[in-house]
Each structure stands twice: as C-alpha cells, then as structure tokens.
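Asks: Throughout, our numbering is defined as the position within the sequence shown, counted from one, plus 284.
No residue lacks a Cβ here, since even glycine has one placed at the ideal position from N, Cα and C.
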Amino acid sequence: MKMLDFPLISALMAAAALLLSNPAALADENDTVAKLYKQGNFAKALEQADAYLALKPKDAQMRFQKGLILTEQNKIADAIGIFSSLAEEYPDLPEPHNNLAVLYASQGQYDKAKGALEAAIRTHPSYATAYENLGDVYAKMASQAYGKALQLDKGNAAAQTKLAMIKDLFTGKPKEIQTASSPSVSAAPAIDAPVIAMEKVPEKRGGKAVEKAEKPTTGKTAAAESGPETQPAVPDESDEVIKTIEAWAKAWSDKNVAAYLAFYASSFRPQGGSARAAWEKSRRERIGKPKSIQVAITNPKVNLTDTYARKSEFQAIVPLRRNQE
C-alpha cells in the first residue's frame with residue numbers, strides 16, 4: 285500500500301494544501317527534517333521535528349512529517365495518533381486518511397483501513413492512490429475469508445484456488461512505503477499545484493475559474509483542424525488569466541463565499557458527479573468554518589493553446605498554498 289509523504293516527490297492530490305504563517309521558516313525547517321528523513325536518520329529527524337513542534341505545536345506539515353518518521357521507527361500507535369488528529373482537523377485532505385489506512389492495514393485492522401480509505405475517497409473521488417490501496421485492503425479481507433473457509437473445509441478446491449490467486453497479486457510487490465508530495469511552498473518541500481481550469485467570455489477579459497482534477501497538467505493540446513485556413517495566433521493574455529486566478533484566491537482568503545463561487549462558470553460540474561447545489565453548500569461550510577484562511581498563488585504558469593483561440597478555453601497551472609486556523 286502507498287503512504288503519502290508531503291515533502292518529497294510529486295503529489296497525486298491537488299486542490300488543497302497546508303501552509304504555515306511563516307513560509308520561509310517552514311521551508312528551512314521542513315527541508316532539514318525532510319533531508320534527515322530521506323537519509324534514514326530518523327532519530328535526528330524526530331529530534332528536530334519535536335524541537336520545532338515545541339514552539340509551533342499546530343504546525344500541520346511538521347506533524348505530518350513526524351507521523352512518517354514514527355512510522356519508520358515502527359511506533360505505529362504514535363503515528364496513528366498524529367494522522368488521526370490531522371484527519372480530524374483537516375477533513376478535506378485525503379493524505380492523513382490514506383496514511384491511517386496504511387497503518388491500520390499493517391496491523392491487520394482491515395475494517396478500519398477500509399473506513400479510512402473510503403473517507404479519503406469521499407473527500408476526493410478522483411484520488412487514485414486511495415482506490416489502489418482500497419483494492420489491496422479488499423484483497424486482504426478476501427484472503428482472510430478464504431483462509432477461514434479452508435479452515436472449515438480443507439477440501440474446498442475453489443477456496444484454495446481463489447486464495448492462491450490473491451496471494452499472487454501481492455507477489456513481488458515492494459514492501460517499502462512509497463511516497464508522494466503535497467502542494468509546494470517555493471523552495472520548500474512542495475505541495476503540488478492544482479489545475480485551475482478557466483472559461484473565458486469572448487467579449488470580456490478575465491473569466492471564471494473552476495476547480496479541476498488533483499493531478500497537475502500542462503493543458504490539453506487541441507487536435508489540428510482540417511482545411512486550408514491558417515489558424516489565428518493565440519493571444520497572449522497570461523496576465524489577465526493570472527489576475528483572475530489571484531482574484532479568486534483573494535476571495536477565498538477573504539472568506540467571501542459569494543465572490544468565490546462567482547468565479548465558477550455556470551457550466552462547471554463538480555468532480556464525482558455531485559450536484560452543483562450540494563457542492564456549493566460544501567464549499568460554503570468549508571470556507572466559513574475556519575477563523576481565518578490564507579490562500580497564495582506562487583509561480584503560476586499559463587498555457588494558451590489554439591483551442592483557446594477557437595473555443596475560448598485555457599488552463600493554468602497554479603501552485604496553491606492554503607493556511608487556515
């Protein structure tokens with residue numbers, strides 16, 4: 285099963301991130317602990333994490349790293365405690381739920397693992413890692429059931445065959461924890477950029493932002509249209525795109541829900557097939573709940589293709605950072 289690690293390699297998640305009030309200090313401290321963790325110096329990494337958390341006990345990203353360190357030290361109960369508290373405090377993030385599931389599964393608590401993964405999927409229906417891990421959990425649960433069937437009936441050939449097939453699924457699978465990252469903070473261990481898909485109204489500059497999938501993308505290249513006509517050059521309106529995204533982020537930071545929702549086009553459809561009204565209700569609750577929210581855009585990249593010129597569409601890669609209290 286895959287355990288997610290915020291600071292190391294590219295993430296499967298987008299759309300949400302953890303940011304501290306002092307990004308520069310966060311970058312330095314998390315970078316140091318991340319390097320020690322990657323080098324396998326878990327004792328030193330834990331020592332530095334504890335020292336930092338003594339000053340900033342609510343630092344979510346450092347707590348997350350501490351959970352990973354404790355997992356490597358086989359201090360499962362302590363790691364479960366950390367990821368459980370993060371899952372409660374940040375219910376819209378799937379990573380703590382995923383890592384809880386990995387820990388529960390390592391102890392054979394497959395029902396709890398299943399529940400944690402289902403919570404991650406409810407939060408992010410397109411979260412591939414959770415689906416893969418959930419498949420592993422189902423396979424383990426099936427293995428237990430077939431094993432029990434063989435205890436009761438040793439001559440059950442069908443159960444023997446199915447049990448052997450399940451065991452084959454895990455043959456050769458790497459046992460070490462595989463990592464993925466969270467959204468990025470400049471030079472700090474990164475939180476991957478969510479993709480903000482935008483719809484541009486031809487008569488007006490700007491547009492309405494809509495959230496898209498967790499995986500970052502550089503935008504889809506439109507298929508070439510047949511015919512002798514030369515396609516018009518793509519207008520470079522990157523600045524307008526970025527201004528629109530920054531205004532969207534400001535509305536989120538200001539907890540101005542009406543302005544925030546106004547950035548989403550009428551054609552926007554939430555992930556997972558949920559109704560627009562239900563999605564808006566969920567966003568109102570999540571934005572309104574924290575005392576304060578800070579959303580920042582760093583190093584945005586805009587890719588305007590000829591699809592933009594003909595169909596008034598574009599996509600922007602936006603490293604999104606969010607801090608909430």
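TYR394 to VAL386, Cα distance in whole Å?
Replies: In the sequence shown, counting from the first residue as 1, residue 394 sits at position 110. In the sequence shown, counting from the first residue as 1, residue 386 sits at position 102. Those two C-alpha atoms are separated by around 9 Å.
Asks: If the criterion is Cβ atoms closer than 8 Å, does the pair ALA389 and PRO380 meet it?
Replies: Here the question's residue 389 lines up with position 105 in the sequence shown. Here the question's residue 380 lines up with position 96 in the sequence shown. No, they are not a contact pair.
Asks: Identify whether ALA580 lies in helix, strand or coil by the three-state DSSP scheme.
Replies: The residue labelled residue 580 in the question sits at position 296 within the sequence shown. It is a strand residue.
Asks: When you compare each of ALA335, HIS408, GLY431, LYS359 to PRO375 by their alpha carbons, which one comes out closest?
Replies: Sequence index remark: in the sequence shown, residue 375 carries index 91 (1-based). Comparing Cα positions, the closest option is HIS408.
Asks: Please classify ALA448: does DSSP put it in a helix, a strand, or coil?
Replies: On the sequence shown, position 164 is the one that residue 448 refers to. Looking at ALA448 - three-state DSSP - the assignment turns out to be helix.
Asks: From ALA559 to MET425, what distance separates their C-alpha atoms?
Replies: Numbered from its first residue, the sequence shown carries residue 559 at position 275. Numbered from its first residue, the sequence shown carries residue 425 at position 141. The alpha-carbon atoms of ALA559 and MET425 are separated by roughly 33 Å.
Asks: Taking the straight line between their C-alpha atoms, what separation do you get for ALA327 and VAL317?
Replies: Your numbering for residue 327 matches position 43 in the sequence shown. Your numbering for residue 317 matches position 33 in the sequence shown. For ALA327 and VAL317, the distance between alpha carbons rounds to 10 Å.
Asks: Grab the span of the alpha helix (DSSP H) containing ARG406 for me, first residue to last.
Replies: What you label residue 406 is simply residue 122 of the sequence shown in a count that begins at 1. Run containing ARG406: 394-407, per the alpha helix (DSSP H) assignment.
Asks: For ASP437, is the classification buried or exposed, using 16 other Cβ atoms within 10 angstroms of its Cβ as the cut-off for buried?
Replies: For this step, residue 437 is matched to residue 153 along the sequence shown. That one is exposed.
Asks: Using only the alpha-carbon positions, how far apart do ALA397 and ALA441 sit?
Replies: Here residue 397 refers to the residue found at position 113 when the sequence shown is read from its first residue. Here residue 441 refers to the residue found at position 157 when the sequence shown is read from its first residue. The straight-line gap from Cα to Cα measures roughly 29 Å.
Asks: So SER427 is in the alpha helix (DSSP H); what residue range does that whole segment cover?
Replies: Mapped onto the sequence shown, residue 427 falls at position 143. Taken as a continuous stretch (DSSP letters only), the alpha helix (DSSP H) holding SER427 covers 412-436.
Asks: By the three-class DSSP mapping on this structure, what secondary structure does ASP343 have?
Replies: Along the sequence shown, one-based indexing puts residue 343 at 59. Three-state result, ASP343: coil.
Asks: In this structure, how does DSSP classify PRO378 when only helix, strand and coil are distinguished?
Replies: For the purposes of this step, residue 378 is identified with residue 94 of the sequence shown, where counting begins at 1. Reduced to three states, the DSSP call for PRO378 is helix.
Asks: Would TRP563 and TYR544 be called neighbours here (beta carbons separated by less than 8 Å)?
Replies: Along the sequence shown, one-based indexing puts residue 563 at 279. Along the sequence shown, one-based indexing puts residue 544 at 260. No; because the gap between Cβ atoms is not below 8 Å, this pair is not in contact.
Asks: Taking Cβ to Cβ, would you say GLY351 is nearer than 8 Å to ALA363?
Replies: Locating residue 351 in the sequence shown gives position 67, where the first residue counts as 1. Locating residue 363 in the sequence shown gives position 79, where the first residue counts as 1. Their beta carbons are under 8 Å apart, which means GLY351 touches ALA363 by this criterion.
Asks: Quick check on the DSSP output: what are the complete alpha helix (DSSP H) runs of length 4 or more inside the region 311-340, in order along the chain?
Replies: Fully enclosed alpha helix (DSSP H) runs of 4 or longer: 326-339.
Asks: Does the separation of the CB atoms of VAL357 and ASN314 fall below 8 Å?
Replies: Working through the sequence shown from its first residue, we reach residue 357 at position 73. Working through the sequence shown from its first residue, we reach residue 314 at position 30. What sits at residue 357 in the sequence shown is Gln, not Val. In this structure, ASN314 does not lie closer than 8 Å to GLN357 by Cβ.
Asks: Report the rounded CA-to-CA distance for GLY431 versus GLY324, giving the unit in angstroms.
Replies: For the purposes of this step, residue 431 is identified with residue 147 of the sequence shown, where counting begins at 1. For the purposes of this step, residue 324 is identified with residue 40 of the sequence shown, where counting begins at 1. If you take the alpha carbons of GLY431 and GLY324, they lie about 37 Å apart.
Asks: Whose CA, out of ALA361, GLN391, GLY392, ARG347, lies closest to the CA of GLU373?
Replies: Reading the sequence shown from its first residue, position 89 is the one you call residue 373. With distances taken between Cα atoms, GLU373 lies closest to ARG347.
Asks: Quick one: what's got a C-beta closer than 6 Å to LYS573's C-beta in the same chain, skipping five residues either side?
Replies: The residue labelled residue 573 in the question sits at position 289 within the sequence shown. Around LYS573: no qualifying Cβ.
Asks: What does a CB cutoff of less than 7 Å around LYS610 pick up in its chain, not counting 5 residues either side in sequence?
Replies: As displayed, the chain neither begins before 285 nor continues past 609, which places residue 610 out of reach and without an answer.
Asks: Measuring alpha carbon to alpha carbon, tell me which of ILE366, ALA429, ILE529, THR355 ends up nearest VAL579.
Replies: The sequence position of residue 579 within the sequence shown is 295, counting from 1. Looking at the Cα atoms, ILE529 is the closest of the given residues.
Asks: Going by beta-carbon coordinates alone, are ASN382 and ALA412 separated by less than 8 Å?
Replies: Here the question's residue 382 lines up with position 98 in the sequence shown. Here the question's residue 412 lines up with position 128 in the sequence shown. No; because the gap between Cβ atoms is not below 8 Å, this pair is not in contact.
Asks: Quick one: using the 10 Å Cβ neighbour count with 16 as the cut-off for buried, is THR445 buried or exposed?
Replies: Numbered from its first residue, the sequence shown carries residue 445 at position 161. When all chains shown are included, THR445 counts as exposed.
Asks: Note down, in chain order, each residue of its chain lying with its Cβ closer than 8 Å to the Cβ of LEU337, except the 5 sequence neighbours on either side.
Replies: Within the sequence shown, residue 337 is the residue found at index 53, counting from 1. Excluding residues within five positions, the ones whose Cβ falls inside 8 Å are ASP343, MET346, ARG347, LYS350.
Asks: Taking PRO584 as the reference, give the member of VAL421, SER566, SER522, ILE360 with the closest Cα.
Replies: In the sequence shown, residue 584 corresponds to position 300, counting from 1. Of VAL421, SER566, SER522, ILE360, the residue nearest in Cα terms is SER522.
Asks: Taking C-beta to C-beta, are ILE360 and TYR321 nearer than 8 Å?
Replies: On the sequence shown, residue 360 is found 76 positions in, with the first residue counted as 1. On the sequence shown, residue 321 is found 37 positions in, with the first residue counted as 1. Taking 8 Å as the Cβ cut-off, ILE360 and TYR321 do not qualify as a contacting pair.
Asks: Could you check the C-alpha separation between ILE581 and SER368 for me, to the nearest Å?
Replies: Numbered from 1 along the sequence shown, position 297 holds the residue referred to as residue 581. Numbered from 1 along the sequence shown, position 84 holds the residue referred to as residue 368. Answer to the nearest angstrom: the Cα atoms are 29 Å apart.
Asks: Find out if the Cβ-Cβ distance for the pair LEU401, ALA414 is shorter than 8 Å.
Replies: In the sequence shown, residue 401 corresponds to position 117, counting from 1. In the sequence shown, residue 414 corresponds to position 130, counting from 1. Yes, these two residues count as a Cβ contact at 8 Å.
Asks: By how many angstroms is the C-alpha of GLN391 removed from the C-alpha of ALA448?
Replies: Taking the sequence shown and counting its residues from 1, the one referred to as residue 448 is at position 164. Taking the sequence shown and counting its residues from 1, the one referred to as residue 391 is at position 107. Distance between the alpha carbons of ALA448 and GLN391: 22 Å.
Asks: What residue does the alpha helix (DSSP H) around LYS359 start on, and which one ends it?
Replies: Sequence index remark: in the sequence shown, residue 359 carries index 75 (1-based). Taken as a continuous stretch (DSSP letters only), LYS359 belongs to no alpha helix (DSSP H), as it is neither H nor E.
Asks: Pick helix, strand or coil for LEU538, following the three-state DSSP scheme.
Replies: If you number the sequence shown from 1, residue 538 lands on position 254. It is worth fixing the name first, because residue 538 is Asp in this sequence and not Leu. Coil.
Asks: By how many angstroms is the C-alpha of ALA546 removed from the C-alpha of ALA613?
Replies: The question about residue 613 has no answer, for the chain in this structure spans 285 to 609.
Asks: When we look at the beta-carbon of PRO341 and count the other beta-carbons within 10 Å, is it buried (16 or more) or exposed?
Replies: Here residue 341 refers to the residue found at position 57 of the sequence shown. By the 10 Å Cβ count, PRO341 comes out exposed.
Asks: Tell me whether ASN383 sits in a helix, a strand or coil according to DSSP, three-state version.
Replies: Position 99 of the sequence shown holds residue 383. Three-state DSSP puts ASN383 in a helix.
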